[in-house]
Structure formats: structure tokens, C-alpha cells
Amino acid sequence: MKLLNFQSSVTKSWSDLPESVRDKLVEVALSTLAATLEWSVYSLWKSFLGVLGGGAKGEAKASGEAAAKASGEVKVELAILKMEVALEKMHRETEKMKYDADKMRSEADKMKSEADKMRGEAEKMKSDSDKMRNEADKLRYEIEVIKMWTLLLTKSSSDRKWFAANNRKD
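Numbering-wise, UniProt numbering puts 158 at position 158 of the sequence shown, and it's gapless, one number per residue.
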């Protein structure tokens, strides 16, 4: 019964277990059955000897020791199986964590490339803005020149001389 409880506490169904673990469980179950049968034969033999008066007690004792040894081996096999199942479960969890980490890494790379793309667009917009600012400054300067020429053409000759002296290009 402990074997069944162990199996149900680790997995939901027999088919979820790896084939090697299932084979080991069958082997352990058969070993347990053999040890139980051997113990039963020992008990019957002991009873039979008791009826006869104990003629071959040494052989019966050896058979009982073999059954106890087989029972200990079964317990060791069960412990090994428990460890194998735990290792398999841990391996599956590790693989899942590795998959999740790879998925997160690819998402981070994707976000980084999107950020780089946005950064490039921002730099392009800044460059366009600088060009527009330079064009606006150029237009302001041309407007100032036009205003001065308009003022010059409408003012007296002394104002024109002053303007020519102050706006001379060397």
C-alpha cells in the first residue's frame, strides 16, 4: 500500500512516470512479492519443523535471514526509486526554468531592439528640428535685412549713410 501512496503523491498517473521508473517499480513489486512468498514459505517451514520437533532448524533460520535481507533490499530499491523520481522532477523543473529564462531573454532582446529603433527615430526628429531651427534663424535674418532696406529706402540720405557704414561686409 505504501508503494501506491508513494506513486500517487509524486505523480497523477502511472503513465506520467518515465519508463525506466515504471520498470523499476514493477521490479520492486515483484521482488516484494518474492520476499513475501519466501517469508511465507519460511513461516510454513518453521511451523512444519515445529510439528516434527525441530529437525532442520538451521535451514529454516537461513531461509528467514534471506527473506529479511530481501526485504531490506526492497526498501533500498524503493529509496532509490524515490530519489530517481525526485531527480526527474527536478530535471523537468530545471528545463522549464531554462525555457522561461530563454523566453525572457528573447523578449528583452526584442524590447532592446525596439528601444534602439525609437532612439534612432528620436535622433532623426532632433536633426530635423535642428534643421528647421536653422532655417527659421536664416529667415529671421533675411526679414531683418528686408526691414533695414525698407527703412533705408524710406529715410533720408544721412540715415542711408549710417546704415551703409554699419552694415558693411568686408
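Even for Gly, the Cβ is constructed at its ideal location relative to N, Cα and C.
Here the structure is a predicted model, which is why all the values come from computation and not from measurement.
Measure the Cβ-Cβ separation of residue i and residue j and say whether it is below 9 Å.
i           : j           : result
residue 41  : residue 81  : no
residue 35  : residue 85  : no
residue 77  : residue 24  : yes
residue 88  : residue 18  : yes
residue 148 : residue 134 : no
Mapping DSSP to helix, strand and coil, what is residue i?
i           : result
residue 17  : coil
residue 167 : coil
residue 151 : helix
residue 162 : helix
residue 55  : Confidence is the limiting factor: at residue 55 the pLDDT is only 48, short of 50, which leaves the residue's position unreliable, though a coordinate-based value still follows. Residue 55: coil per DSSP, three-state reduction.
residue 76  : helix
Is the beta carbon of residue i within less than 8 Å of some heavy atom of the ligand ATP?
i          : result
residue 16 : You won't find the ligand ATP in this model; it holds no ligand whatsoever.
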